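Quick notes on the structure that follows.
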Amino acid sequence: MHVPTPPPPPQGALQPTRSATLRAPGFLKDFPIHSTLVPQLNDWGLIVSHRACTWSNWNGVIRLPQRSGKRWEPVSERRRAIRKGQGEYVLGRLFMLPEKSRGAALLHHTGSKSFVRTLTLRAEQMGLYFASTGLWKWHSDEEMEAMAGEGEGEESGDAQGFWQLLPSTDEEMIFEHLQMEFIEPTRRRALTPGRDL
Numbered sequence: 002m003h004v005p006t007p008p009p010p011p012q013g014a015l016q017p018t019r020s021a022t023l024r025a026p027g028f029l030k031d032f033p034i035h036s037t038l039v040p041q042l043n044d045w046g047l048i049v050s051h052r053a054c055t056w057s058n059w060n061g062v063i064r065l066p067q068r069s070g071k072r073w074e075p076v077s078e079r080r081r082a083i084r085k086g087q088g089e090y091v092l093g094r095l096f097m098l099p100e101k102s103r104g105a106a107l108l109h110h111t112g113s114k115s116f117v118r119t120l121t122l123r124a125e126q127m128g129l130y131f132a133s134t135g136l137w138k139w140h141s142d143e144e145m146e147a148m149a150g151e152g153e154g155e156e157s158g159d160a161q162g163f164w165q166l167l168p169s170t171d172e173e174m175i176f177e178h179l180q181m182e183f184i185e186p187t188r189r190r191a192l193t194p195g196r197d198l
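Below, the structure written as structure tokens:
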């Protein structure tokens with residue numbers, strides 16, 4: 002699965018703008034979470050309603066399947082219960098990202114807002130960009146030309162260069178890149194942006 006790169010940063014800034022949420026159903030049908038996973042869960046009578054979607058996630062209401070002894074209720078009973086508004090309902094969030102984004106996705110989607118903000122600020126302090134798709138480093142054309150020994154490049158009004166996805170298949174790699182001690186998941190809620198960097 003392809004990892005979409007962030008857009009180039011505005012002139013003089015390293016923080017890229019966030020891409021807009023895809024709302025048109027026609028766009029979503031081409032992404033695996035919407036072409037395979039969500040329809041299958043729908044067929045199994047688990048999904049009650051859809052709320053918000055992007056290329057990599059689905060948010061909606063799920064009816065928890067009921068169990069009688071060792072057997073789960075059949076799909077037909079689940080669908081009937083949904084029509085009658087019976088059973089237990091929860092908000093559900095599904096995410097599907099490439100394996101190379103696993104570490105960042107786990108941190109981003111399971112951490113508290115405060116924890117994610119702490120990581121985001123730390124990344125910004127280091128000239129990096131942290132998102133659910135990974136930890137990114139911006140390389141400007143001028144930087145690449147200087148590294149290649151071609152001297153200084155011409156200045157351009159547009160941000161020219163490319164984003165490099167830093168290796169981040171597990172959480173520990175993200176902490177290493179951010180030069181932070183690994184923080185156990187049970188301790189992550191207590192972080193305060195700015196104070197715990």
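If you count by my numbering, then the sequence shown holds residues 2 to 198, one letter each, in order. Glycine is no exception: its CB is placed at the ideal position from the N, C-alpha and C atoms. The model shown is predicted, which means the values in this text are computed figures rather than measured ones.
Assigned secondary structure, residue i (DSSP; H/G/I helix, E/B strand, else coil)
i, result
"Leu95", "strand"
"Ser133", "coil"
"Ile48", "strand"
"Glu153", "For Glu153, the predicted model reports a pLDDT of 43, less than 50, meaning its position is unreliable; a value from the coordinates is still stated below. Looking at Glu153 - three-state DSSP - the assignment turns out to be coil, as it is neither helix nor strand."
"Leu166", "strand"
"Ser57", "coil"
"Ser141", "strand"
"Ser113", "coil"
Residue environment, residue i, which counts as buried when at least 16 other CB atoms sit within 10 Å
i, result
"Glu172", "buried"
"Gly86", "exposed"
"Asn58", "buried"
"Leu1", "The chain is shown only over 2 to 198; residue 1 falls outside these bounds and no answer can be derived."
"Ser36", "exposed"
"Gly46", "buried"
"Val91", "exposed"
"Arg72", "exposed"
"Arg68", "exposed"
"Arg84", "exposed"
"Arg79", "buried"
"Phe116", "buried"
Euclidean distance between Cα positions of residue i and residue j
i, j, result
"Ala25", "Gly70", "Any reading at Ala25 is ruled out, since the residue's pLDDT is 40, under 50, leaving its predicted position unreliable."
"Pro186", "Leu108", "9 Å"
"Gln165", "Tyr130", "10 Å"
"Arg189", "Thr119", "10 Å"
"Arg64", "Gly88", "7 Å"
"Gly112", "Ile175", "13 Å"
"Leu122", "Ala53", "27 Å"
"His51", "Phe32", "16 Å"
Of the residues the options, the one placed nearest residue i, counting alpha carbons only
i, options, result
"Leu167", "Leu136, Thr37 and Asn43", "Leu136"
"Lys101", "Ser169, Pro40 and Phe176", "Ser169"
"Glu177", "Ser115, Ala105 and Phe163", "Ala105"
"Glu143", "Phe163, Ala132, Ala124 and Thr134", "Phe163"
"Leu38", "Leu95, Arg81 and Thr55", "Leu95"
Nearest-angstrom beta carbon gap, residue j and residue i [assumed within contact, 8 Å]
i, j, result
"Ser141", "Gln161", "7 Å"
"Val62", "Val49", "4 Å"
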